[in-house]
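Under numbering that gives the first Met the number 0, the first residue of the sequence shown is numbered 0, with each subsequent residue one higher.
Using N, Cα and C, we set each Cβ at its ideal position, and we do this for glycine too.
These numbers come from a predicted model, not from an experiment.
Step one of this worksheet: look at the structure below.
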Amino acid sequence: MLYYFFRFLEQYNIPGSHMWAYISFRSLLTLIFSLLISAWFGEKFIKWMKRRKIFETERDPEIDPFGVEKKGVPTMGGIIIIVSILIPVLLFGRIRNIYLILMVVTTLWLGFLGFLDDYIKIFRRNKEGLKGKYKIVGQISIGFIVGLTLWLSPDVVVRENVNVQQQNQEIVVKHKQEATKSLHTTIPFVKNHNLNYSEVLSFLGKYKVAAGWVLFVLMTILVVTAVSNGANLNDGMDGMCAGNSAIIGVALGILAYVSSHIGYASYFDLMYIPHSEELVIFLCAFVGAMIGFLWYNAFPAQVFMGDTGSLTIGGIIGVCAVIIHKELLLPILCGIFFVESLSVIIQTQWFKIQKRKGKRVRVFRATPIHDNFRKLNSQLDATSTYILKGWPHRPFHESKITIRFWITTIILAALTIITLKIR
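This is the structure we're talking about:
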């Protein structure tokens with residue numbers, strides 16, 4: 000809203016009003032404002048929750064050895080994150096921008112879905128929360144809406160990158176003059192950097208473009224659902240999900256800025272996505288909200304984000320990556336989320352297979368994988384066999400696990416950026 004106000008004032012040569020045309024100026028303002036809101040509102044929110052005795056349900060000591068210390072800590076802290084994102088975005092962003100609209104809708108949609116889950120856990124005293132099938136339906140729905148909008152909206156266009164060989168044999172990256180709908184997406188470690196969804200289905204002949212868009216929508220649904228669930232699984236230790244998400248947000252912000260700047264897009268041989276610079280505004284608000292939330296969520300936590308926060312965080316990351324055509328980089332960038340999800344799948348499926356044979360065999364001491372590093376041997380099920388019982392040799396305190404996961408995510412984020420030059 001302030002963007003339009005100051006652009007209006009610019010017509011009358013009001014000093015300083017032209018600054019609002021610069022994405023760097025608005026981005027930094029958004030980051031600062033998001034941090035301040037998160038710090039101020041977070042304190043008010045925590046006190047309000049404590050006065051009404053809205054606490055985290057008591058944790059299972061078999062899963063969390065430090066769970067006793069966390070009794071009485073308020074949850075639903077995802078509300079702090081959502082408020083800290085939306086207010087700065089609405090103030091400093093161009094709210095008529097289609098990409099910004101999609102990000103706001105995703106935030107509200109998944110925030111409400113997570114809120115329902117937390118509400119059932121706390122007020123209905125049901126530790127299972129919202130049934131899994133309803134969560135999946137909610138995640139699939141927003142993925143479908145985003146994918147369909149990117150397919151059908153006339154405002155969603157790109158200028159594809161092409162390699163032009165000069166007379167001196169030098170290859171120069173240029174962009175097509177006309178902005179069009181595109182099924183291209185960035186793929187790592189490949190010379191021309193692009194994968195065309197329609198070419199994957201080229202065997203369908205004249206229907207390959209339509210089928211390519213259907214594949215794109217399905218991929219959007221898969222990405223949003225997978226990353227949202229991955230972030231949800233990663234939220235199990237103080238500061239874990241917030242710290243990892245802040246790092247991922249910084250990397251996505253860099254990718255969004257590069258994709259929205261025709262000069263940098265040409266340098267890195269990427270598609271140029273007009274008007275996607277507003278995603279930088281959103282991601283600055285996202286990073287600011289994450290860092291501000293860590294003020295209260297770092298060990299020992301004064302508030303937990305709950306599913307209100309974790310489902311929303313994952314959805315934001317997934318949708319943003321799809322918009323800037325970088326969804327195939329997510330297995331690297333969100334490697335921690337991917338491994339958390341994979342560990343759960345391996346644990347449950349292997350146990351089911353062995354159970355049919357009359358055996359009780361588990362791969363890890365506990366899942367998601369971060370729980371494996373803090374599980375005490377004395378807490379293991381005596382009736383089960385553990386393949387990786389001796390790994391690690393001793394349990395670690397969760398603060399050490401959290402920081403090591405952050406370091407891993409920093410490495411993965413750097414690797415993701417490096418892939419733009421490794422072909």
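Cutting at 8 Å between CB atoms, please list the residues of its own chain near residue i, excluding the five before and the five after it.
{"i": "residue 99", "result": "88, 92, 93, 277, 278, 280, 281"}
What does a CB cutoff of less than 6 Å around residue i pick up in its chain, not counting 5 residues either side in sequence?
{"i": "residue 194", "result": "184, 186"}
{"i": "residue 80", "result": "288, 292, 308"}
{"i": "residue 5", "result": "16, 19"}
{"i": "residue 329", "result": "320"}
{"i": "residue 214", "result": "196"}
{"i": "residue 371", "result": "363, 364, 365"}
I'd like to know whether the C-beta atoms of residue i and residue j end up nearer to each other than 9 Å.
{"i": "residue 265", "j": "residue 160", "result": "yes"}
{"i": "residue 105", "j": "residue 252", "result": "no"}
{"i": "residue 217", "j": "residue 207", "result": "no"}
{"i": "residue 413", "j": "residue 32", "result": "no"}
{"i": "residue 30", "j": "residue 286", "result": "yes"}
{"i": "residue 36", "j": "residue 103", "result": "no"}
{"i": "residue 223", "j": "residue 321", "result": "yes"}
{"i": "residue 327", "j": "residue 116", "result": "no"}
{"i": "residue 1", "j": "residue 90", "result": "yes"}
{"i": "residue 112", "j": "residue 129", "result": "yes"}
{"i": "residue 97", "j": "residue 148", "result": "yes"}
{"i": "residue 306", "j": "residue 380", "result": "no"}
{"i": "residue 406", "j": "residue 236", "result": "no"}
{"i": "residue 220", "j": "residue 139", "result": "yes"}
Would you grab the beta carbon distance between residue i and residue j for me? Rounded to a whole angstrom, and I think it's under 8 Å.
{"i": "residue 340", "j": "residue 229", "result": "5 Å"}
{"i": "residue 304", "j": "residue 146", "result": "26 Å between Cβ atoms; not a contact."}
Using a Cβ-Cβ cut-off of 7 Å (strictly less than) and excluding sequence neighbours within five positions of residue i, which residues of its own chain qualify?
{"i": "residue 374", "result": "364, 365, 394"}
{"i": "residue 404", "result": "239, 243, 335, 369"}
{"i": "residue 382", "result": "359"}
{"i": "residue 7", "result": "none"}
{"i": "residue 178", "result": "156, 157, 158, 273"}
{"i": "residue 343", "result": "232, 366, 367"}
{"i": "residue 150", "result": "212, 215, 216"}
{"i": "residue 38", "result": "291, 294"}
{"i": "residue 78", "result": "44, 307"}
Determine the burial state of residue i: buried for a count of at least 16 other Cβ atoms within 10 Å of its Cβ, exposed for fewer.
{"i": "residue 270", "result": "buried"}
{"i": "residue 73", "result": "buried"}
{"i": "residue 408", "result": "buried"}
{"i": "residue 348", "result": "exposed"}
{"i": "residue 226", "result": "buried"}
{"i": "residue 241", "result": "buried"}
{"i": "residue 260", "result": "buried"}
{"i": "residue 384", "result": "exposed"}
{"i": "residue 114", "result": "buried"}
{"i": "residue 257", "result": "buried"}
{"i": "residue 245", "result": "buried"}
{"i": "residue 204", "result": "exposed"}
{"i": "residue 422", "result": "exposed"}
{"i": "residue 354", "result": "exposed"}
{"i": "residue 198", "result": "exposed"}
{"i": "residue 410", "result": "exposed"}
{"i": "residue 212", "result": "buried"}
{"i": "residue 352", "result": "exposed"}
{"i": "residue 302", "result": "buried"}
{"i": "residue 101", "result": "buried"}
{"i": "residue 84", "result": "buried"}
{"i": "residue 275", "result": "buried"}
{"i": "residue 144", "result": "buried"}
How many Å lie between residue i and residue j at the Cα?
{"i": "residue 423", "j": "residue 357", "result": "With the chain covering 0 to 422 only, the question about residue 423 has no answer from this structure."}
{"i": "residue 294", "j": "residue 48", "result": "17 Å"}
{"i": "residue 255", "j": "residue 323", "result": "6 Å"}
{"i": "residue 299", "j": "residue 420", "result": "40 Å"}
{"i": "residue 192", "j": "residue 416", "result": "13 Å"}
{"i": "residue 332", "j": "residue 13", "result": "43 Å"}
{"i": "residue 52", "j": "residue 46", "result": "10 Å"}
{"i": "residue 196", "j": "residue 319", "result": "18 Å"}
{"i": "residue 345", "j": "residue 176", "result": "48 Å"}
{"i": "residue 28", "j": "residue 350", "result": "50 Å"}
{"i": "residue 11", "j": "residue 3", "result": "14 Å"}
{"i": "residue 134", "j": "residue 418", "result": "33 Å"}
{"i": "residue 325", "j": "residue 152", "result": "19 Å"}
{"i": "residue 377", "j": "residue 142", "result": "43 Å"}
{"i": "residue 44", "j": "residue 70", "result": "18 Å"}
{"i": "residue 9", "j": "residue 263", "result": "28 Å"}
{"i": "residue 250", "j": "residue 267", "result": "15 Å"}
{"i": "residue 182", "j": "residue 40", "result": "41 Å"}
{"i": "residue 174", "j": "residue 312", "result": "33 Å"}
{"i": "residue 297", "j": "residue 42", "result": "14 Å"}
{"i": "residue 396", "j": "residue 361", "result": "23 Å"}
{"i": "residue 391", "j": "residue 122", "result": "38 Å"}
{"i": "residue 50", "j": "residue 398", "result": "28 Å"}
{"i": "residue 389", "j": "residue 154", "result": "55 Å"}
Answer yes or no: the CB of residue i versus the heavy atoms of the ligand SAM, is any distance below 8 Å?
{"i": "residue 311", "result": "Of the ligands one can find in the structure shown there are none, so the ligand SAM has no counterpart to examine."}
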